[in-house]
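There are 2 protein chains.
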Amino acid sequence: MYFFGAGRADGNAKLKTLLGGKGANLAEMTRIGLPVPPGFTITTEVCTGYYANKRRLPAGLKGEADRAVTRLQKLTGKRFGDAANPLLVSVRSGARESMPGMMDTILNLGLNDKTVEVLARRSGSPRFAWDSYRRFVQMYGDVVMGVQANGKDAHEPFEEVLEGLKREVGVERDSDLTPGNLQELIRRYKQLIQRHAGRAFPQDPVTQMWGAIEAVFNSWNNDRAIVYRRKYKIPHEWGTAVNVQTMVFGNLGNTSGTGVAFTRDPASGEKVFYGEYLINAQGEDVVAGIRTPRPLQELKKEMPKAHAELEQIRRTLEKHFRDMQDFEFTIEDNRVYMLQTRNGKRTGLAAVRIAVEMVGEKLIDRKTALMRVPADSLSSVLAPVFDRNDRKAAEAAGRLLCKGLPAGPGAASGKVVFNAEDAVALAHRGDPVLLVRVETTPEDLRGMIAAQGILTARGGVSSHAALVARQMGKVCVCGAQDLHVDYSARVVRVKGKTIREGEFLSIDGTVGEVFEGQVQTAPSEVVQVLVKKNLNSRKSRAYRQFASLMGWADQVRKLGVRTNADQPDQAQTAIAFGAEGIGLCRTEHMFFGGSRIDAVREMIVAETPEARAAALKKLLPFQREDFIGLFKAMRGRPVTIRTLDPPLHEFLPQESEQIRDLADKLRLPYEKLSARIHQLHEANPMLGHRGCRLGIVYPEITEMQARAIFEAAAQVQKSGVRVRPEIMIPLVAFEKELQLQSEVVHRTAEAVQKKTGQKIAYLIGTMIEVPRAALVAEGIAQTAQFFSFGTNDLTQTGLGMSRDDSGSFLPVYAEREIVKVNPFASIDQPGVGRLIELAIAGGRKRRRDLKLGICGEHGGDPDSIDFCHRAGLSYVSCSPYRVPIARLAAAQAVLRRENA
Amino acid sequence: MYFFGAGRADGNAKLKTLLGGKGANLAEMTRIGLPVPPGFTITTEVCTGYYANKRRLPAGLKGEADRAVTRLQKLTGKRFGDAANPLLVSVRSGARESMPGMMDTILNLGLNDKTVEVLARRSGSPRFAWDSYRRFVQMYGDVVMGVQANGKDAHEPFEEVLEGLKREVGVERDSDLTPGNLQELIRRYKQLIQRHAGRAFPQDPVTQMWGAIEAVFNSWNNDRAIVYRRKYKIPHEWGTAVNVQTMVFGNLGNTSGTGVAFTRDPASGEKVFYGEYLINAQGEDVVAGIRTPRPLQELKKEMPKAHAELEQIRRTLEKHFRDMQDFEFTIEDNRVYMLQTRNGKRTGLAAVRIAVEMVGEKLIDRKTALMRVPADSLSSVLAPVFDRNDRKAAEAAGRLLCKGLPAGPGAASGKVVFNAEDAVALAHRGDPVLLVRVETTPEDLRGMIAAQGILTARGGVSSHAALVARQMGKVCVCGAQDLHVDYSARVVRVKGKTIREGEFLSIDGTVGEVFEGQVQTAPSEVVQVLVKKNLNSRKSRAYRQFASLMGWADQVRKLGVRTNADQPDQAQTAIAFGAEGIGLCRTEHMFFGGSRIDAVREMIVAETPEARAAALKKLLPFQREDFIGLFKAMRGRPVTIRTLDPPLHEFLPQESEQIRDLADKLRLPYEKLSARIHQLHEANPMLGHRGCRLGIVYPEITEMQARAIFEAAAQVQKSGVRVRPEIMIPLVAFEKELQLQSEVVHRTAEAVQKKTGQKIAYLIGTMIEVPRAALVAEGIAQTAQFFSFGTNDLTQTGLGMSRDDSGSFLPVYAEREIVKVNPFASIDQPGVGRLIELAIAGGRKRRRDLKLGICGEHGGDPDSIDFCHRAGLSYVSCSPYRVPIARLAAAQAVLRRENA
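Sequence order for the protein chains is A and B.
For the first sequence, the positions run 20 to 919 when the working numbering is used.
For the second sequence, the positions run 20 to 919 when the working numbering is used.
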């Protein structure tokens, strides 16, 4: 039981764990002299004890509370139930982290048949007094005494009584009820309570208080609160504190009011006093949205003294808390009271601006600034956005069609197409394109590149569409299940509407919304400076602040940050975002361009090593050119190149018409080609003939790829640019797989170096992406000069869970709290993380200087990056648009350890 | 360099590692007074040194060899190149384990232009002498001097010269060449050697000897030898010894001869002197098969003294080596010489008989007997066999069509059918059935039960077909790739032949052969006694000996042995074979019988929990009956029951006609059913919505199954039979999965116990079959009372390798020695084994008395059982027909540890 009032408080801001955010900050504000109505806080420990003890309050609590009430009465000069000067209090929840609106609050506690009269007298408004009492009885009856609707469709009983009375007296609005009406209403409410609860509404304020306290504790585990905590990853075991605080009234006439304010603009981060207020109103009225609050600036005119006082409070708060504050205040008869303050939530844009500007204002140091920006929120700094007003208009016009998973942040509008070819053609004509697919495959890649945005009806945040979208910084909404994509009719149907090919759709990949028609977008400033180079950096404050923050992050972080990129333009983007190398170049993405796919297919259907060699020979120059472009773009930075990984059938057509076309092209009988495709079909392609298993069975493929790499390296080196290829063999499970593949690579390197006279400083390593590799890492490290953790596949194999198929059960797993986070988005630390640790221990045992990286999708996830830092990795690699996030997260990982 | 001769030897039988099997036993035989021609052995260490030293012989060897030759000359009174009494020797390989015919041997070394004359004189047969010399020159030229055919299709050069001369002199057979012809031939051979090798054939016997020794070392790494070692898992690093031994001649006329003999019959194990010989012949002639050797009994008449001497040798050998010996002898002029002895290879049947009878003869103790029978070879004691003669006749008639993988041991003939329905129908008519499929699925189960044998064109030894076949003791050949199964034409084509439905095929699942038409079979005696109960145990010696061995094994072993069985008859068979409980009852196999599949399908397509509950209610009585049968059959033994595991789409039809039928049956629109089936399709079903993920999403399925188990248990217990169900939740990866499923089971158990008044002693546990489960085993053991390692899936996930898809690369992996054993047949100890060890450590940390078992296919594999014993498992579980193997292997695991 922590008391606060009159400039003194038992607690302080550091005791959030014990007092909850609200309680701790009420104490803190009291201490620093801000006008806080006195009260006391019952700790979260009492709440957890309450639950541990089968919802019974601990024995000593009563006595403590009595003493606190006595102190409160002494301080305020008011007494519970006093006929002259009654004490009224609010009873509010207050968890360690804010859970707005999730738990119960009871106001005006202390009102009864006697004290209501005093309130009527003292406020000069009997209507206000009786209405307050009426509301208290109703709320108390509902929340504490359980007088609630029975079943989903039943009427809320208090509402029923209220509506009945209004009908009887012939008024429409609550506010038209007279004090007399309200007295009658209270009488009927009491009868209702007696009937429903079997007990009378308690007249004794202390009894009222205990009921309210228990109700608040109970509301910690109401359905809404549980769902909210799950969503925001708040542990259920934290519990809530309860704040009992003297009431102040913002509704005592035009010299009273209430409001919420931010010490800076939470959307833009600008250092302006931002907020809204209502005259003659209680706090709920602001939230309820019945009356439209007015901007805080207007208060200056209306109540200059109160406004000046608030301005002073704003300064005090920022100076004291050294962070942007979001606070609630009430003005009672021209006196300002503070009811709450907390660190304000903000957009990513605002987070950067506030953090950097506060450093400038010497409010915080750089390390603190780095911790102030949630790493993930940086993506909003990079993503193009919908014009706010246009989006609102679209929703109002009923054009919000459905929602999917926010897979590629940003917003995009485009003409609907259903396949890659059409996307390319339409984009070629200069039209904005939105590629709509049931789901995407590598064959759609060109279309995805051409499109402004990607929309799929199936697949999760880690589906092919989402993966590629993030790598390319492409806007994407995936798994929008309400969409019915009809390829043959070239339409997509959704909720009775039909959108035809060529018509516009707009998607917001930050929130997952799909709109009919166009919604205007704009690229973010930072991207305009860094990537588009069409905005001068001096002209962009957003860019300069972003760059400052990134610079500070780079000074702190220990982890290297690389990127996953297959094409020179991707590499250039990533470098612009600060990538220090390529951590994963997927060579197979290079197989889909133009006529090279024909050579790939020829190679796959080849029946003899000779025929295969001939097809590979055709591919060699393409691959070499690809690597030349990449090496040039990377200018001496290391480039990790993965040899061919996906199962071969991914490169072949599956439908008979396409098979027939290909058969003609390759001059093969249709039956033969069809049989070969059938033969390549696999029950579980994820676990099939792919990765280094291809290179083992067809060493000539590895050889061709190695040759392309080394010949490209030699050529680029001749032009004076250093090249550092790191050749990575995928899906190794057995020591000898890597040995055999290394032999091919070394042999080829030797031959090319001899022929070209260029000495190439290359490394050879492997992906650790099946559990066995992690377990025998010591042996693998004999050959491998580096490990790169392929956490996508390591998660799939380690958990025995297919990314593509998990959609049918993973949502249920989240709901039942079997998984805390999506293991495909953030490293499953007890399982996959443990494998990584075992691999590191084994690998470093054999080779102390073993280079360690991660190139799965997790490389761009802040929690995973924190894990990677702790585990001792050398670098993380992620998609270009996540490079800034990774830089920041890597710095935060260091600081988190320093602070721990 | 180890010398042997005249009753003394440097080496002995224990030095096999150093001297090779042949060398060690030559020394040993010399020591125990058997007539061994003197000689010396160059150790395997020299061979490994030779390879380590880039194929150079060590420096000191020459001097040692010279001393050994001197000693040999002194002992025999013969000298290399001596004009009066020349020393002739053989130079033979001799590895630690026998590799018959794989390496090079050189005979008659020491012959040259001078000594050949002495041999001609002393043998009284110039033709023999010149022919010996001719053969020596040819062999030496080929093996030592590298005069060999160039390219695959080129003529063998010595053969060409020989054929040329034969044409010139007008003879057809080699034996028609006169001594003069042979001299001319030798002259031409020498020219050939000079031309090809650029050196003359060496006349100096010591030079000859060194050439021969190097050649033998080199032959350790010829292609044949490498392939052989791979097949029989002989390490390449062992190397071979070289034996240089004084020649004896079995071809000096009718008082000479040569032969091979076994101290007991290697096929039946009967204690008879068994072997064959040729008069006037060298050892090669017996092997070459040009002349037909005669049974050893006839020697008694022909050379009674030599025969008696051999009988004496046989007794000495068995008494000394205490194992059945396989030896080679030569009779030179009525004197018997021993050239080799080794432990004889034998069939499983023979192994049992010999081991048990040798215990009776007090030659060995019971523990030694247990180690004498390769556990796997017991399957031959249980499998029905082809009639030997009939099989031979079939092969001779060209009816051997192709080979596949030996997947279910035994032999079977039947009429070809292509689907389960036809199999059942045909079997119903009393016809023997052979089910031929491209591959099998659970839907084929009834057909597999009905069939005598199963033949598939696709799938490995762990494919569905093989798995089910072994569990049911069904004969199976799988992955016979030459078969082209044409379902629509109802034929199978193989090598130009077409076998129609209804025609006979015969398969031998012990060796993987497929025959056209019928080959006669017979059940094994042991099965007749134990399972068929149609043979009195007293009447079967084979049974009594088998039972003795099993009894001894049971006294020794520490591991329990359970069985994988879903049906009462399987359970009864397993009990007959000694199973102590059921380690895995797959409840889904119960879903395919009769009308229950309709209820299963109704459950799957249900759209509401209510509809699903209604379908499950229909299934409940079926499941309950199944469990009643099983519990009764097990009579108080523990029964581990796995809740539903396979993905739901496995229960639905995939072809549109069948979908239409089902739609009619379920009164659903075709499109709706089709859409549901499409929705259930998975990219990687192995990693998809299966195992406990079904029970998590549809807890009502788990509840129905638990109810069926407990209601059955209660009913059977009421009848006085104790029931010990162990409920096993599959595919657990997260602690909470098991918690949630346990709650359903416990709740159901409580309800049933309350209702029936029966207290049921059940356990709840989980399968450890994904790597994550092994890694978080400590947490899982909080809820799990037992772990059962599902090594099939643990191998698939741990290695990232699909059993069904590994056929395209695993053979290459074996060939390139990436894997030493098929990981789906024998536990991959460094990877999967390590996971098991981690799981055991974690699990036992939380729960010291945690019961640990294995229920993957590996539970019946001796190497895996050895691992399980070492790892500290409580029991192994395997298919009924592998129970005896597991019992023996478990005993051997104990003894191996004792001996180590």
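From the three backbone atoms N, C-alpha and C, an ideal C-beta is built for every residue, glycine too.
The structure displayed is predicted, hence computed values, not measured ones.
- Cβ atoms of glutamate 532/B and leucine 706/B stay farther apart than 8 Å, at about 36 Å.
- With a threshold of 16 other beta carbon atoms within 10 Å, arginine 712/B meets it and is buried.
- Sequence-distant partners of leucine 794/A (beyond 5 residues in either direction) whose C-beta falls short of 7 Å from its own C-beta, in its chain, are Leu857.
- Residues of chain B whose Cβ lies closer than 7 Å to the Cβ of arginine 853/A are, in chain order, Leu794.
- In terms of beta-carbon proximity, tyrosine 832/B lines the interface with chain A, with at least one pair separated by less than 9 Å.
- 9 Å or more divides the Cβ of glycine 862/B from the Cβ of leucine 854/B.
- Beta bridge pairing from DSSP links isoleucine 873/A with Phe808/A and Val895/A.
- Here the alpha carbon of leucine 184/B sits roughly 42 Å from the alpha carbon of phenylalanine 23/B.
- Taking each of Asp527/B, Glu522/B, Lys516/B and Gly521/B in turn and checking the Cα distance to lysine 493/B, the smallest one comes out for Asp527/B.
- Residue nearest to isoleucine 61/A within the set Gly891/A, Phe610/A and Gly39/A is Gly39/A (criterion: CA-CA distance).
- Residue range 198–216 is occupied by the alpha helix (DSSP H) that includes histidine 215/A.
- Residues of the same chain with a CB within less than 6 Å of the CB of serine 151/A, apart from the 5 flanking positions on each side, are Asn127 in chain order.
- Listed in chain order, the positions of the segment 863–884 of chain A with a beta carbon within less than 9 Å of a beta carbon of chain B would be empty, since no residue qualifies.
- Of the residues assessed, glutamate 599/B falls on the buried side of the cut-off, its CB having 16 or more other CB atoms within 10 angstroms.
- In this structure valine 371/A is in contact with glutamine 564/A, their Cβ atoms being roughly 5 Å apart against a cut-off of 8 Å.
- Taking arginine 361/A as the centre and dropping the five residues before and after it, the same chain places the C-beta of Gly40, Lys41, Asn44, Ser117, Gln344, Asp345 and Phe346 closer than 8 Å to its C-beta, in chain order.
- One finds nothing in chain B with a Cβ atom closer than 9 Å to the Cβ of valine 771/A; even the nearest lies about 25 Å away.
- Of the residues assessed, arginine 248/B falls on the buried side of the cut-off, its CB having 16 or more other CB atoms within 10 angstroms.
- Nearest neighbour of isoleucine 601/A by Cα position, chosen from Ser807/A, Gly258/A and Phe843/A, turns out to be Ser807/A.
- Per DSSP, threonine 67/B is not a residue of any beta strand (DSSP E); the alpha helix (DSSP H) it occupies stretches across 63–71.
- The bridge partners DSSP lists for isoleucine 748/A are Thr785/A.
- DSSP places methionine 357/A in the uninterrupted beta strand (DSSP E) bounded by 354–362.
- The three-state reading of DSSP puts aspartate 588/A in helix, counting H, G and I together.
- Checking the DSSP bridge columns, you'll see phenylalanine 596/B has no partner listed.
- Its chain contains Thr582, Ala584, Pro899 and Val902 as the residues whose beta carbon lies nearer than 7 Å to that of alanine 593/A, once the 5 sequence neighbours on both sides are disregarded; these appear in chain order.
- At a cut-off of 9 Å between beta carbons, asparagine 811/B makes no contact with chain A.
- Legend: CB atoms of the segment 747–765 of chain B lying less than 7 Å from CB atoms of chain A belong to residues Leu750, Ala752, Phe753, Lys755, Glu756 and Leu759.
- Counted as a single uninterrupted DSSP element, the alpha helix (DSSP H) harbouring phenylalanine 646/B occupies residues 628–653.
- For tyrosine 21/A, DSSP records a beta bridge to Thr60/A.
- Not a single CB atom of chain A sits nearer than 9 Å to the CB of phenylalanine 646/B.
- In the three-state reduction of the DSSP assignment, aspartate 284/A falls in the coil class.
- Of all residues in the segment 464–483 of chain B, none is placed with a Cβ closer than 7 Å to any Cβ belonging to chain A.
- For the 9 Å CB-CB criterion, alanine 725/A and threonine 767/A form a contact.
- Counting C-beta pairs with one atom in each stretch, the segment 56–70 of chain B and the segment 84–104 of chain B have three or more that are closer than 8 Å, which means they touch.
- Relative to the Cα of aspartate 882/A, the nearest Cα in the group Asp395/A, Ile125/A and Thr475/A belongs to Asp395/A.
- Between the segment 667–674 of chain B and the segment 639–657 of chain B there are fewer than three inter-stretch CB-CB distances shorter than 8 Å, so the stretches are not counted as touching.
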